[in-house]
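So the sequence shown is numbered by numbering that gives the first Met the number 0: it starts at 0 and just counts up by one.
From the three backbone atoms N, C-alpha and C, an ideal C-beta is built for every residue, glycine too.
Take a look at the structure below.
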Amino acid sequence: MFRRMMLSGMILASLWCGQLRSQKGVAPPAGEEAVQQQTEAPALKNPLSQLRGKLLYKRNQARRLERAAMEADGELKKKIELLQSQIEALYVEANPKLAEIYAEQKQLEERIEALNQK
0 MFRRMMLSGM ILASLWCGQL RSQKGVAPPA GEEAVQQQTE APALKNPLSQ
50 LRGKLLYKRN QARRLERAAM EADGELKKKI ELLQSQIEAL YVEANPKLAE
100 IYAEQKQLEE RIEALNQK
């Protein structure tokens with residue numbers, strides 16, 4: 000009984016909406032206007048935000064490939080770690096507060112690795 004009522008209600012609603020759309024000069028209900036505006040919004044997206052999204056995607060893609068290269072080549076990993084430590088030393092020289100932050104980061108990375116190995 001409930002299904003029959005629901006189906007008949009849905010059929011009546013679809014017929015009623017079809018009649019409204021077929022009438023010219025009749026404004027669509029407020030809900031339909033909002034849906035139309037939302038569907039049109041992605042097409043009008045800010046080109047700057049699209050470019051930023053593409054850049055973020057490419058950066059993440061490069062990081063993934065860099066990590067894969069480091070895992071494949073142990074010597075490359077050592078060289079990159081040496082360069083990274085030199086870069087950190089330059090930053091610490093410019094701003095001593097970074098030494099504490101870098102130390103905390105290393106501790107957190109070690110804890111994460113230890114938990115991943117378990």
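(1) Using alpha carbons as the reference points, say which of Lys-53, Leu-55, Glu-80 and Leu-54 lies closest to Arg-66.
(2) Tell me which residue opens and which closes the alpha helix (DSSP H) that Lys-117 is part of.
(3) Taking 8 Å as the limit between beta carbons, can you name the residues of its chain near Leu-47, skipping five residues before and five after?
(4) Pro-95 lies in the alpha helix (DSSP H); which residues open and close that run?
(5) Work out the CA separation of Glu-87 and Ala-93 for me, nearest whole Å.
(6) I'd like the span of the alpha helix (DSSP H) that includes Lys-44, first residue to last.
The answer reads as follows:
(1) Taking the first residue of the sequence shown as 1, we reach residue 66 at position 67. Selected option, being the one with the closest Cα: Glu-80.
(2) Here residue 117 refers to the residue found at position 118 when the sequence shown is read from its first residue. Per DSSP, Lys-117 belongs to no alpha helix (DSSP H) and is neither H nor E.
(3) In the sequence shown, counting from the first residue as 1, residue 47 sits at position 48. Excluding residues within five positions, none has a Cβ falling inside 8 Å.
(4) The residue you call residue 95 lines up with position 96 of the sequence shown. Counting along the chain, Pro-95 falls outside any alpha helix (DSSP H), and DSSP gives it neither H nor E.
(5) The count along the sequence shown starts at 1 and reaches residue 93 at position 94. The count along the sequence shown starts at 1 and reaches residue 87 at position 88. When rounded, the distance between both Cα atoms is 10 Å.
(6) Residue numbering aside, residue 44 sits at position 45 when the sequence shown is read from its first letter. Segment: none, Lys-44 is in no alpha helix (DSSP H) and carries neither H nor E.
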